[in-house]
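**Student:** Residue numbers (our numbering): 339 to 527.
The beta-carbon is built from N, C-alpha and C at its ideal position, and this holds for glycine as well.
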Amino acid sequence: MDKIKIDSSNAYLYPMPMVIVGSVVDGKPNFMPVAWVSRVNYRPPMFAVAIGPHYSSRGIEENGEFSVNIPSISMMERTDYCGLVSGVKRDKSEVFDIFYGELENAPLIEECPVSMACSVSETVEMKTNQLFIGEVLELYSEERYLTDGNPDIEKIEPFTLTMPGNRYWAVGSSIGKAWNAGKSLIKKD
Ligand SMILES: Cc1cc2nc3c(=O)[nH]c(=O)nc-3n(C[C@H](O)[C@H](O)[C@H](O)COP(=O)(O)O)c2cc1C
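#1: What are the residues that DSSP puts in a beta bridge with S457?
#2: What is the DSSP secondary structure of T498, reduced to helix, strand or coil?
#3: Just checking, does the segment 417 to 433 make contact with the segment 463 to 481 on the three C-beta pairs under 8 Å criterion?
#4: Does the segment 414 to 421 come close enough to the segment 365 to 380 that 3 or more CB-CB pairs lie under 8 Å?
#5: For my contact list, F470 and V378 are in at a C-beta cut-off of 8 Å; report their separation, rounded to the angstrom.
#6: Among P391, E480, F385, D364, which has the Cα closest to the Cα of C468?
#7: Are three or more beta carbon pairs between the segment 395 to 404 and the segment 432 to 449 nearer than 8 Å?
#8: Less than 8 Å between the CB of N504 and some heavy atom of ligand 1, yes or no?
#9: Any idea what DSSP makes of Y478, helix, strand or coil?
#10: Here's a check: name, in chain order, each residue in its chain whose Cβ is nearer than 6 Å to the Cβ of K525, leaving out the five neighbours to either side.
#11: Quick one: Cα of P553 to Cα of E432, how far?
#12: Which of the three DSSP states is assigned to K521 in this structure?
#13: Going by CA-CA distance only, name the one from K430, N504, Y352, N407 that's closest to V363.
#14: I'd like to know whether the C-beta atoms of P409 and M356 end up nearer to each other than 9 Å.
#15: Got a sec, what are the start and stop residues for the alpha helix (DSSP H) G421 sits in?
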């Protein structure tokens with residue numbers, strides 16, 4: 339076996355999808371890029387975001403609401419900017435055009451092809467991060483990002499992150515159909 343142990347603090351997914359988490363802090367919309375994000379429940383749809391001790395955390399804790407917005411490649415610069423500066427010192431409420439659904443503390447980003455408004459159902463205290471688990475109450479997109487009514491990755495043009503090295507990546511092309519590609523290996527008894 340040629341396996342070697344490498345630094346376990348560098349255990350990440352390669353790559354991690356990038357989202358922008360929106361919240362309202364001190365009465366103002368605030369945005370932060372987040373790579374530690376995943377859907378974590380089937381019905382109802384739920385998302386978890388792992389967030390460190392940031393300004394955004396206070397808003398999410400206080401209001402029990404946040405948004406998850408999927409930016410496209412063309413938004414890379416503004417997304418990164420929101421990760422370089424904190425809402426403590428910089429007003430990030432005008433970086434994007436904002437709209438709201440039913441949740442008044444989940445600011446949604448107009449420019450993002452996909453946005454969801456989440457209501458916190460559980461907060462898990464980790465050693466350094468808080469895991470905010472939110473039920474997706476509303477999902478928004480636009481006709482131009484959909485194919486047959488569903489968000490289309492080729493139209494969305496999302497981007498991803500790798501750590502360490504801290505680099506953004508575009509998503510490659512489709513290589514096969516899921517729940518299908520392995521069918522030829524199912525043994526016929
Ligand atoms: C590419 C990128 C990915 C990030 N992912 C996360 C993350 O998953 N969780 C987190 O807590 N912070 C993450 N951050 C850091 C926050 O986005 C950053 O500290 C931000 O400025 C916090 O904003 P706030 O202080 O206004 O809340 C990331 C930053 C960048 C640039």
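**Tutor:** Here's the rundown:
#1: Listed as beta-bridge partners of S457 by DSSP are E403, E473.
#2: strand
#3: Contact annotation: the segment 417 to 433 does not touch the segment 463 to 481, with fewer than three C-beta pairs closer than 8 Å.
#4: Enough Cβ pairs lie closer than 8 Å, so yes.
#5: Not confirmed; about 11 Å, so no contact.
#6: Strictly speaking, residue 468 in this sequence is Gln, with Cys absent from that position. The shortest C-alpha separation from Q468 is found at P391.
#7: yes
#8: yes
#9: Note: Y478 maps to strand in three-state DSSP.
#10: none
#11: Residue 553 lies beyond the stretch modelled for the chain, which goes from 339 to 527, so this question has no answer here.
#12: helix
#13: K430
#14: In contact: P409 and M356 (Cβ atoms closer than 9 Å).
#15: 414 to 422
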